[in-house]
């Protein structure tokens, strides 16, 4: 069946540290997004990245579609980066829907 | 430009009562999704609309859940009767096109349901 895995499940960092979050998926995708769910539950778009590399400030993401994984990099982490990070994959092999991974819970300590 | 708007943000009801959630997508977005998010888990699709047509409702528990998207714009998700296990966050999302094309998802703030 369709599988979307994220690692690590939990991550605790000191403010200023860097981190890498990983998303593995079981089938080829047409679409991949990274979201940040803040403590108030809002899902915020970080990247729309079915392939290639993008950067936005301290965050960057890389998707290697042929190897079925995506990475989210957070540099110089801040306490406001805390929350849960989800990857969502979608496309024809996923019933034209988005399937979400279980998320990585990040806690950044001051 | 306004984002996806949902209401109510919070709802507390007793079991067996009905409840309805409303969603207004981003203007021009043809595709609308309702997701269910249980505590500590990722969102799970309930139903997807392309314009006014429900093209995927395979995960919608049809014995108690119903949804509609009249005129292909805003949408309502209803639960009747609610059960204790329905306590969760109900998320609405919209996208300009299908997942395989310009399908970037945008979410509303969600409706948190507590069934007592």
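Residue numbers (this note's numbering), protein chains in the order written: chain A, 1 to 110; chain B, 111 to 226. Using N, Cα and C, we set each Cβ at its ideal position, and we do this for glycine too.
In three-state terms, what does DSSP make of residue i?
i                     : result
residue 24 (chain A)  : strand
residue 125 (chain B) : coil
residue 81 (chain A)  : helix
What are the boundary residues of the beta strand (DSSP E) that residue i is part of?
i                     : result
residue 223 (chain B) : 221-225
residue 154 (chain B) : 154-160
residue 66 (chain A)  : Element bounds for residue 66 (chain A): n/a, residue is neither H nor E.
residue 144 (chain B) : 141-147
residue 52 (chain A)  : 52-56
residue 165 (chain B) : 163-166
Looking at the strands, I want to know which residues DSSP matches up with residue i.
i                     : result
residue 31 (chain A)  : A:90
residue 134 (chain B) : B:115
residue 45 (chain A)  : A:35
residue 5 (chain A)   : A:24
Are the C-beta atoms of residue i and some chain A residue less than 8 angstroms apart?
i                     : result
residue 166 (chain B) : yes
residue 195 (chain B) : no
residue 208 (chain B) : yes
Say whether chain B places a C-beta atom closer than 8 angstroms to the C-beta of residue i.
i                    : result
residue 98 (chain A) : yes
residue 39 (chain A) : no
residue 3 (chain A)  : no
residue 65 (chain A) : no
residue 88 (chain A) : yes
residue 8 (chain A)  : no
residue 91 (chain A) : yes
Within 7 angstroms of chain B by C-beta, residues of the region 43-60 of chain A in sequence order: 43, 45 and 48
Residues of the region 140-169 of chain B whose Cβ lies closer than 7 angstroms to any Cβ of chain A, in chain order: Of all residues in the region 140-169 of chain B, 151, 152, 153, 155, 158 and 166 have a Cβ within less than 7 angstroms of some Cβ in chain A.
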